[in-house]
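Please read the structure below before turning to the comments.
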Ligand code: GDP
Ligand code: MG
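Residue numbers (the numbering used here): 4 to 201.
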């Protein structure tokens, strides 16, 4: 449990908004350990590979979008999840390859769930205040759909254990994910707390 890893991308808008330090700071201060990091310019192919690791992602993203329209009393542009999902994917390829990104692996107890909590919901307009997407950006599905572009939400974070494993393997070589001790793990995870008093 203590070695759970999650994969994070600070997307091109996160870099352009000068939020690298702010975002990394939030993961550091909660107690997670940074075990891999790189800045790179993803190709559209890499963006597509990333989002289609799960062969079901296109259908799920399309369905999520359709449900979103319906929950707001709006008529979706199509009732076919694959058609909508593919449109979302095409826009994501453009978004993720539009500028440099920072890719990272964070490790610690419940890393996947903890990072998703700090990141907040997909649509910044409705992400909780206090989360990264809720605090630092104002985009909405309504605005991004109208402009036929991907919603700009600063960051990607793995949604499940399987997703995390596959994404880490896609973006990092085995020896780029570093195994090391972080001094704060003593207070986060030590059972007896017998290393403090002199
Ligand atoms: P996440 O895990 O919260 O990032 O959300 P998903 O994995 O469902 O979607 C991945 C990314 O695709 C999101 O971060 C958005 O940038 C984009 N996206 C997802 N669904 C939609 C949608 O319905 N409309 C638009 N415009 N973008 C979407
Ligand atoms: Mg996702």
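Glycine included, each C-beta is placed from N, C-alpha and C at the ideal position. Keep in mind the model is a prediction, meaning the values are calculated, not measured.
- Residue 109 has its alpha-carbon roughly 11 Å from the corresponding atom of residue 33.
- Not one heavy atom of the ligand MG lies closer than 6 Å to the C-beta of residue 93.
- Buried is the label assigned to residue 98, since at least 16 other Cβ atoms lie within 10 Å of its Cβ.
- Between residue 39 and residue 175, the CB-CB gap stays under 7 Å.
- Excluding five sequence positions before and after residue 47, the CB atoms of its chain that fall closer than 6 Å to its own CB belong to 96, 100, given in chain order.
- Within 10 angstroms of the beta-carbon of residue 189 lie fewer than 16 other beta-carbons, which makes it exposed.
- Here the alpha carbon of residue 195 sits roughly 15 Å from the alpha carbon of residue 187.
- Between residue 27 and residue 104 the beta-carbon gap is near 13 Å, outside 8 Å, which marks them as no contact.
- With a beta-carbon spacing of about 14 Å, residue 163 and residue 117 fall beyond the 8 Å limit used to define contacts.
- Classified as exposed, residue 183 has fewer than 16 neighbouring CB atoms from the shown chains inside 10 Å of its CB.
- The shortest CA-to-CA distance from residue 179 to any of 64, 74, 106, 142 is the one to 106.
- The beta carbon of residue 130 is closer than 7 Å to those of 123, 124, 136, 137 in its chain, skipping five residues each way along the sequence.
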